[in-house]
Ligand code: GTP
Ligand code: SPV
Ligand code: MN
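In the working numbering, the protein residues as written are 1044 to 1628.
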């Protein structure tokens, strides 16, 4: 299939290890993909949905113990422990290889081995990178076909001598006790075993584009971040680009596809990416972003015409649904979708379901895999080789109280401090308890492929190299009142905040200087047509000193917990001291 000797040697090695009945190279040709879909339907791996209503759409159910990323089973294996800990699990590479090779041994016996050559980033972009994933799962192949650029053209781009990230996946027994998601950054290698779910097995996504990507970025002078990319067009037709980092299931896909409220005629949001950004410094000294993916692996529950019509439209054809509910008419359903709750459906586990049962019909982390090109608001720059120039970087999370609706960092270094101290309530995107506040620096806690202190240092170093730095902001759509209701309407109305952010970048609007940063003056947030009282807006735009004094304490503890190897930059400690002083004034 290729005359790249490195590829052939690795594939030979994989065949010996895995013992498949046959090796199938994924060409990307529609005939081959269609045949794989048919096979998956014949074995029950996928269910063909109502083809009149949802042409080209399928449903897949994973094992009930395999429904999210597994952070406690995810490892970064580097020769030196201090290059991976304290935020990652670590094991000595030799020890881990030995353990994994035993698990993989002959595990493809009687099964086909699919070889997926794929590219992260637009074909022809100098920033794109190539991976090859070996898998025994058709579901993985079909998802990778949507999420990445696959096939013969990638083998051609690799040439006879090109380098690639080695990605090995085996479903094995889907045994959670022997599940491992392992990155070996020094060997440009990823190994995943005993899972068949999303981020654990679509190895181009979190494993490559973030964990390996962030490590490559450190070595090569760029950044891999858990960020959406959007273009905001004003009525004059000018488009400004924004990257935003929110933790998993905290609103990236929604913000990336936002539909402006009526109070903003002539405004439009264009989607470049909904999950991952690769950021490079351009010849003009600005920061430029590409989206390494070609599809959306989005959260289904909560997606409706009211919250995210563009996402819904994107999923009307050629989409794979995972762990959603199946309606009697062969279409799909999830909690929060428009219309009435169905009287009967088959739930995500494959069991009969009626509303009175009190259980969820769709898993809270059920997802759609949809081609980005189908998105009604896909950016004209989606395939741009150089990416798009970034004016603003936004950090944000789910915070019931502490964080105001929006604030701007004083400068890049303060912005890095703000990102490094981000916190958010945990969600169903990862296995474990939901709703507990934890620090999630830059929304990258589960995805930094090396030492977190070095990662902060890399952010500071990059800032010094960027001639024309993006301005850095923090937002919180999830503030709650004492009765537990969201105080801000969110979704499309988040444009009201984006508009202030762009005006700040353009120097068009003033702000109130506070201890934590520049906050919008309430009168500068356009609330036309919104049902929100001035008191609520004031509260959303206020800084509670008691809460923030506690934040300072908690950040100090957090930094201490990360500083086992004295890698947290002094600049960030200085920022923390300065915040404490400003609060004391
Ligand atoms: P990952 O794909 O896991 O990285 O998630 P994401 O960051 O793309 O999150 P997504 O946009 O899918 O949103 C996750 C959940 O948050 C969905 O149920 C949304 O309906 C909800 N959500 C998104 N934006 C808002 C908002 O502005 N306000 C409120 N209240 N909920 C929101
Ligand atoms: C996330 O959890 O941040 C996701 C879904 O985007 S997964 O691909 O499973 O990582
Ligand atoms: Mn994500």
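Positions of the beta carbon are idealized from the N, C-alpha and C atoms, including for glycine.
As the structure is a computational prediction, the values presented were derived from the model and not from experiment.
- Restricting attention to 1094, 1123, 1151, the CA atom closest to the CA of residue 1058 is found in 1151.
- According to the DSSP secondary-structure assignment, residue 1116 is paired through a beta bridge with no residue.
- Relative to residue 1364, the option among 1337, 1347, 1410, 1325 whose CA is nearest is 1410.
- The secondary-structure analysis by DSSP pairs residue 1502 with nothing; it has no beta-bridge partner.
- Within the same chain, Cβ atoms closer than 6 Å to the Cβ of residue 1045 are found at 1198, the five residues on either side in sequence being excluded.
- In the DSSP annotation of this structure, the continuous segment of the alpha helix (DSSP H) that includes residue 1548 starts and ends at 1538–1548.
- Shortest Cα-Cα distance from residue 1593 to any of 1189, 1622, 1092, 1145 involves 1622.
- With at least 16 other beta carbons inside 10 angstroms of its own, residue 1426 counts as buried.
- Looking at the DSSP output, residue 1584 sits in no beta bridge, so it has no partner there.
- Straight-line spacing of the CA atoms in residue 1367 and residue 1354 works out to 15 Å.
- Residue range 1048–1061 is occupied by the alpha helix (DSSP H) that includes residue 1053.
- Comparing C-alpha distances from residue 1437 to each of 1384, 1157, 1516 shows the shortest one belongs to 1516.
- In this structure, residue 1413 places its C-beta atom within 8 Å of the C-beta atom of residue 1357.
- Residue 1273: member of the beta strand (DSSP E) spanning 1270–1276, first to last residue.
- Collapsing the DSSP output to three states places residue 1453 in coil.
- By the Cβ neighbour-count rule, residue 1144 is exposed, with fewer than 16 other Cβ atoms within 10 Å of its own.
- If one requires a minimum length of 4 residues, the alpha helix (DSSP H) runs lying completely within the segment 1135–1198 are 1136–1147, 1181–1190, in chain order.
- The segment 1377–1394 makes no contact with the segment 1325–1336; the number of CB pairs closer than 8 Å stays below 3.
- In the DSSP assignment, residue 1413 falls outside any alpha helix (DSSP H) and lies within the beta strand (DSSP E) extending over 1410–1414.
- Between the C-alpha atoms of residue 1260 and residue 1336 there is a straight-line separation of about 17 Å.
- Between the alpha carbons of residue 1624 and residue 1617 lies a distance of about 11 Å.
- Looking at the DSSP output, residue 1482 sits in a beta bridge with 1466.
- Residue burial annotation: residue 1613 is exposed, with fewer than 16 other C-beta atoms found within 10 angstroms of its C-beta.
- One thing to note: residue 1282 has its Cβ no nearer than 8 Å to the Cβ of residue 1321.
- The beta carbons of residue 1521 and residue 1582 sit no closer together than 8 Å.
- Comparing C-alpha distances from residue 1508 to each of 1455, 1304, 1430 shows the shortest one belongs to 1455.
- Residue 1129 and residue 1445 have their C-alpha atoms roughly 26 Å apart.
- The straight-line gap separating the alpha-carbon atoms of residue 1494 and residue 1068 is approximately 36 Å.
- In this structure, residue 1190 places its C-beta atom within 8 Å of the C-beta atom of residue 1245.
- Here residue 1098 is exposed, its C-beta having fewer than 16 other C-beta atoms within 10 Å.
- In the DSSP assignment, residue 1256 falls within the unbroken alpha helix (DSSP H) covering 1256–1263.
- DSSP places residue 1213 in the strand class (E or B) of the three-state scheme.
- For the ligand SPV, residues qualifying as neighbours are 1112, 1241, 1242, 1248, 1249, 1291, 1318, 1340, 1472, where qualification means a beta carbon closer than 6 Å to at least one of its heavy atoms (chain order).
- Per the coordinates, the alpha-carbon of residue 1537 lies some 12 Å from the alpha-carbon of residue 1530.
- Excluding five sequence positions before and after residue 1595, the CB atoms of its chain that fall closer than 8 Å to its own CB belong to 1619, 1622, 1623, 1626, given in chain order.
- With 16 or more other CB atoms across the displayed protein chains lying within 10 angstroms of its CB, residue 1486 is buried.
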